[in-house]
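Worksheet: one structure, shown below.
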Amino acid sequence: MELAIVAPHEDGAAWSVALRRELPELDVRLWPEVGDPAAIDAAFVWRHPHGALAAFPNLRAIFSLGAGVDGILADPLLPRAVPLVRMLDPGLATLMAEYVLGAALRHHCDLDHYERLQRVARWERRLRPYLRDRRVGVMGLGELGRAAACTLAAAGFDCSGWARTEKSITGVRCYAGEAGLDAFAARSEILVCLLPLTAQTRGLLDARLFARLPRGSYVINAARGAHLVVADLLAALDSGQLAGATLDVFASEPLPSDDPLWSHPLVLLTPHAASITPVDTAARLVADNLRRLGRGEPMRGVVDPARGY
Ligand code: OXD
């Protein structure tokens, strides 16, 4: 079986070694040096040049290296009949949950506030509630959102979650759909976005949603830049409706060095680093799916094109 790694911004050689460790008989090619395109059975893809996958006439599977598949689905020349497989590595979810917990605790403990005071040598204390009285709301209860919500709840936060459809998670109060959004927002003092990016969720973090949060809420976006209307975020920070934000994702990445978000005093930026796919365990998952493909068995994590995730 031949696999093309079409991930020009990733360490293709490291992935190749890890994949061949799991599946020694696998012939791995690093795009664009793929040899005969007709011999390629599967592609392992991240931030691929649009159109690159259309060159493989006998492709039987496309594996995403990252959690979200919106970037792959955005390729107008994507071979739509070929199954697209999500990255379901549990390590990705654990890393994301730890990042979200860290960002939520940083704000909960006022460390963001004290960082600002330190810069101006100001000694001023603030009372804060217990963790159990801090209400956190996680938008998106898929692999990543569920892990984050469970971790936040286990740490002691009063945690709720919101998803398109009804979900049930022990220790997490779940809300669903447009009907549940108001009640969910009204109790989210820290709002975490881990939604998939779809036509329905694009721009959901906007002035309308911010206005429904308790005054002085905090936003953590580790999903996609396009979920957030940046102008609305800046206005909400200016007005005090939002106290701050941790942002890991941006509409344009890397974020241009002249973007005003870099120097906003109420914003903490991280470079799409909340959760980076762990090579060894992820290679094991891809190898397992390649074996399934070889045996003609259903693969794990196939994307439903109608839902977009
Ligand atoms: C993503 C990822 O989907 O980094 O953004 O895995």
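Quick note: the sequence shown uses my numbering, first residue 8, plus one each step.
The beta carbon of each residue, even a glycine, is placed where N, CA and C say it ideally should be.
Fill in: Three-state class that DSSP yields for Cys-157 in the structure shown
For the purposes of this step, residue 157 is identified with residue 150 of the sequence shown, where counting begins at 1. Reduced to three states, the DSSP call for Cys-157 is helix.
Worksheet entry | Host alpha helix (DSSP H) of Thr-172 (start-end) | Counted from its first residue, the sequence shown places residue 172 at position 165. Where Thr-172 is concerned, there is no enclosing alpha helix (DSSP H), because DSSP gives it neither an H nor an E.
Practice prompt. Take Thr-288 and list the residues in its own chain whose beta-carbon comes closer than 8 Å to its own, dropping the five residues that flank it on each side.
Written response: Taking the first residue of the sequence shown as position 1, residue 288 is located at position 281. Taking Thr-288 as the centre and dropping the five residues before and after it, the same chain places the C-beta of Asp-96, Pro-97, Gly-98 closer than 8 Å to its C-beta, in chain order.
Worksheet item: Are the CB atoms of Met-146 and Cys-200 nearer to each other than 8 Å?
Response: Taking the sequence shown and counting its residues from 1, the one referred to as residue 146 is at position 139. Taking the sequence shown and counting its residues from 1, the one referred to as residue 200 is at position 193. Contact flag set, yes.
Practice prompt. Drop a sphere of 10 angstroms on the beta-carbon of Ser-259, count the other beta-carbons inside from all chains shown, and report buried for 16 or more, exposed for fewer.
Written response: The residue you call residue 259 lines up with position 252 of the sequence shown. Taking a 10 Å sphere around the C-beta of Ser-259, we find fewer than 16 other C-beta atoms and assign the residue as exposed.
Worksheet item: Near Glu-9, which residues of its chain fall below 7 Å by C-beta distance, leaving aside the five closest residues on each side in sequence?
Response: Sequence index remark: in the sequence shown, residue 9 carries index 2 (1-based). If we look at Glu-9 and ignore the five residues flanking it on each side, its Cβ neighbours are Asp-34, Arg-36, Ala-46, Ile-47, Asp-48.
Item to complete: Quick one: using the 10 Å Cβ neighbour count with 16 as the cut-off for buried, is Arg-153 buried or exposed?
Response: Taking the first residue of the sequence shown as 1, we reach residue 153 at position 146. Around the beta carbon of Arg-153, 16 or more other beta carbons sit within 10 angstroms, so the residue counts as buried.
Worksheet item: What is the DSSP secondary structure of Leu-84, reduced to helix, strand or coil?
Response: One-based indexing of the sequence shown puts residue 84 at position 77. The three-state secondary structure of Leu-84, taken from DSSP, is coil.
Fill in: Under 8 Å between C-beta atoms of Arg-194 and Ser-167
Indexing the sequence shown from 1 puts residue 194 at position 187. Indexing the sequence shown from 1 puts residue 167 at position 160. Yes. Within cutoff.
Worksheet item: What residues come near the ligand OXD, if near means a beta carbon less than 5 Å from any of its heavy atoms?
Response: Going along the chain, the residues that qualify are Gly-73, Ala-74, Gly-75.
Worksheet entry | Alpha carbon of Gly-301 to alpha carbon of Ala-170, nearest angstrom | Reading the sequence shown from its first residue, position 294 is the one you call residue 301. Reading the sequence shown from its first residue, position 163 is the one you call residue 170. Looking at the two C-alpha atoms, the distance is approximately 35 Å.
Worksheet item: My guess is that Val-92 and Val-309 are in contact by the Cβ rule of under 8 Å, so how many angstroms apart are they, rounded?
Response: Taking the first residue of the sequence shown as 1, we reach residue 92 at position 85. Taking the first residue of the sequence shown as 1, we reach residue 309 at position 302. Going by Cβ atoms, the distance from Val-92 to Val-309 rounds to 6 Å, so yes, they are a contact pair.
Worksheet item: DSSP three-state call for Met-146: helix, strand or coil?
Response: Locating residue 146 in the sequence shown gives position 139, counting from the first residue. The answer is strand: DSSP assigns Met-146 an E or B state.
Discussion item. For a test of the three-state rule: what should DSSP assign to Gly-165, helix, strand or coil?
Written reply: Position 158 of the sequence shown, counted from the start, is the residue given in the question as residue 165. In the sequence on display, residue 165 carries Asp and not Gly. Strand at Asp-165.
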